[in-house]
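Student:
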Amino acid sequence: MKKVLSVLFLMFSVSILTAGYLVFDRYRKNPEQLFPYPYEFKTQAPAIKLDAPILITGDRMGAYFAKFETELASTISVNLAKPIKIQSLAKNGNALHRSLHELRALVQWPQILIYQGGSEEFSEIKFNPEDSKIIKKNFGIYLDDRIETALILYPWLSRIVYTPHNRIKLEEASQLLMEIPEESYLQRLETELLLFEQQLIQLVNLSKDRNSLLILTTTPVNLDIAPKKVCSFSSTIDLEKDLMDLNELINANNPKAAYAKSSKLIKLYVGNAQLFFIHGQISKRLGLSDEAKNALRQATAFDCNPWRANEVFNSIIRRVAKNHQVILFDFAKMMEGDWNKNVTFFDEFYPQNLYYDYGMKQLGLVIKEILKL
């Protein structure tokens with residue numbers, strides 16, 4: 036009996052020691068963090084002191100947006116003695132994680148913060164694709180309200196509740212990728228979208244904590260630019276033949292027959308960007324504007340080369356704005372309202388200046404109403 040008790044005690048002791056070691060090892064490997072981001076910055080962003088009540092932040096689209104701040108300021112300042120000041124931190128390569136990094140270093144937040152971005156989220160490696168399942172699992176843990184509350188009260192618990200993994204250490208300046216192979220893009224896609232949405236929600240929460248009024252804007256997308264790359268998994272020999280037949284019908288000036296064929300194909304083949312683009316162009320030719328725009332949006336979403344903003348990122352921006360009661364300036368929808376009526380873009384990325392001017396006037400009126408100027 037004594038031997039049995041001794042064995043049981045020994046087994047119990049080993050189990051306790053093993054469990055203790057595993058908890059300690061987990062604690063040692065994990066940083067203390069409320070949000071389980073898979074990256075960390077090597078250095079803190081420099082403290083920035085603003086000299087304007089309105090701040091624009093974002094990536095290259097935000098930087099171009101900020102070039103028209105004079106129109107925005109003049110619209111807001113109609114009844115003011117002095118024109119209101121607008122400042123910008125938006126710049127090329129500033130994906131949302133870098134915008135947040137800079138915003139956290141602000142000495143004082145602006146009265147109004149405008150975000151325009153979502154076009155360069157794949158431009159920098161900020162997590163290891165092989166850790167995607169762990170990243171998703173950790174965010175699932177964080178999204179449990181009870182755990183989030185516990186982490187806010189006791190931040191050190193994050194070193195135990197999150198599954199550890201190797202975090203990417205980011206340099207002070209963006210390390211932009213020259214090319215993103217299809218395999219890398221597909222490995223990263225789901226996690227990049229998860230991170231974008233969670234970072235956007237953090238932007239919302241930070242703005243509320245700092246008493247800053249956040250305005251989210253969707254990013255205009257040139258629907259008439261063909262996708263850069265078709266994902267290999269979405270293409271077959273049969274589909275390639277069908278696409279050739281479609282082009283022959285279009286060249287033969289037979290859009291009705293082409294429409295009948297492409298309408299069937301988009302139901303058979305899911306995820307082929309070129310097919311949706313061709314269907315959109317055919318629908319446009321037949322005057323089916325709504326169907327054309329929907330197909331062309333799908334083409335941007337299925338593009339296997341993430342070279343610009345697309346409908347997926349704009350959908351996330353709209354959803355976050357709606358769910359968190361944030362003001363939304365739907366710039367993309369405004370542009371699409373004039374699609375097929377005028378020349379809306381002057382290149383692959385940027386709308387004609389007159390649309391920025393008009394957009395700034397509309398946004399300025401919204402801000403005037405909010406500020407009761």
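Under our numbering, the first residue of the sequence shown is numbered 36, with each subsequent residue one higher.
In this text, a Cβ means the ideal position worked out from N, Cα and C, and glycines have one as well.
A quick note: this is a predicted structure, and the numbers were derived from the prediction, not measured.
1. Where does Ser193 sit, in a helix, a strand or coil, going by DSSP?
2. Should Gly152 go down as buried or exposed, given a rule of 16 or more other Cβ atoms within 10 Å for buried?
3. Just curious, the alpha helix (DSSP H) that Phe76 is in, first and last residue?
4. Considering Cα atoms alone, identify which of Arg245, Val401, Pro73 and Lys407 is closest to Gln234.
5. Given a cut-off of 8 Å on the beta-carbon distance, is the pair Ile119 and Ile89 in contact?
6. Give the list of continuous alpha helix (DSSP H) stretches no shorter than 4 residues that lie fully inside the segment 256–289.
7. Taking the beta carbon of Met369 as the centre, do at least 16 other beta carbons fall within 10 Å, making it buried, or is it exposed?
8. Helix, strand or coil: how does DSSP classify Leu164 here?
9. Just to check my reading of the structure: Gln309 and Pro341 have Cβ atoms closer than 8 Å, yes? What is that Cβ distance to the nearest angstrom?
10. Measuring alpha carbon to alpha carbon, tell me which residue in Pro71, Leu230, Asn240 and Asn329 is nearest Pro199.
11. One question on the structure: do Leu211 and Ser158 come within less than 8 Å of each other, judged by their Cβ atoms?
12. What number of angstroms, rounded off, separates the C-alpha of Asp382 from the C-alpha of Asp179?
13. For Leu205 versus Phe100, is the C-beta spacing smaller than 8 Å?
14. Considering only C-alpha positions, which residue in the set Ser298, Ser270 and Tyr150 is nearest to Asn329?
15. Thinking C-alpha only, which one of Pro81, Asn163 and His359 is nearest Glu137?
16. Which residue comes first and which comes last in the beta strand (DSSP E) that contains Lys204?
17. Verify whether the separation of the beta carbon atoms of Ala116 and Gly93 is less than 8 Å.
18. Out of Val239, Ala292, Ile317 and Arg139, state which residue places its alpha-carbon closest to the alpha-carbon of Ala356.
19. Should Thr271 go down as buried or exposed, given a rule of 16 or more other Cβ atoms within 10 Å for buried?
20. Considering just the uninterrupted stretch of the beta strand (DSSP E) at Leu212, what are its terminal residues?
21. Below 7 Å CB to CB, which residues in the same chain sit around Pro386 once its five sequence neighbours on both sides are set aside?
22. So which of Leu107, Ala334 and Gln68 has the shortest CA-CA distance to Ile301?
23. What's the gap between the Cα of Gly97 and the Cα of Ile352?
24. Should Leu57 go down as buried or exposed, given a rule of 16 or more other Cβ atoms within 10 Å for buried?
25. Can you tell me whether Thr198 is helix, strand or coil according to DSSP?
26. Which full runs of the alpha helix (DSSP H) of 4+ residues lie inside the segment 288–316, going along the chain?
Tutor: Here's the rundown:
1. helix
2. buried
3. First-last for Phe76: Tyr74 to Phe76, but that is the beta strand (DSSP E), not the alpha helix (DSSP H).
4. Pro73
5. yes
6. 272–286
7. buried
8. First, the amino acid is wrong: residue 164 is Pro here, not Leu. Pro164: helix per DSSP, three-state reduction.
9. 16 Å between Cβ atoms; not a contact.
10. Pro71
11. yes
12. 44 Å
13. no
14. Ser298
15. Pro81
16. Ile203 to Leu205
17. no
18. Val239
19. exposed
20. Segment: none, Leu212 is in no beta strand (DSSP E) and carries neither H nor E.
21. Pro255, Met370, Thr379 and Phe380
22. Ala334
23. 14 Å
24. The predicted position of Leu57 is uncertain, since its pLDDT is 47 and thus under 50; no value can be drawn from it.
25. coil
26. 290–303
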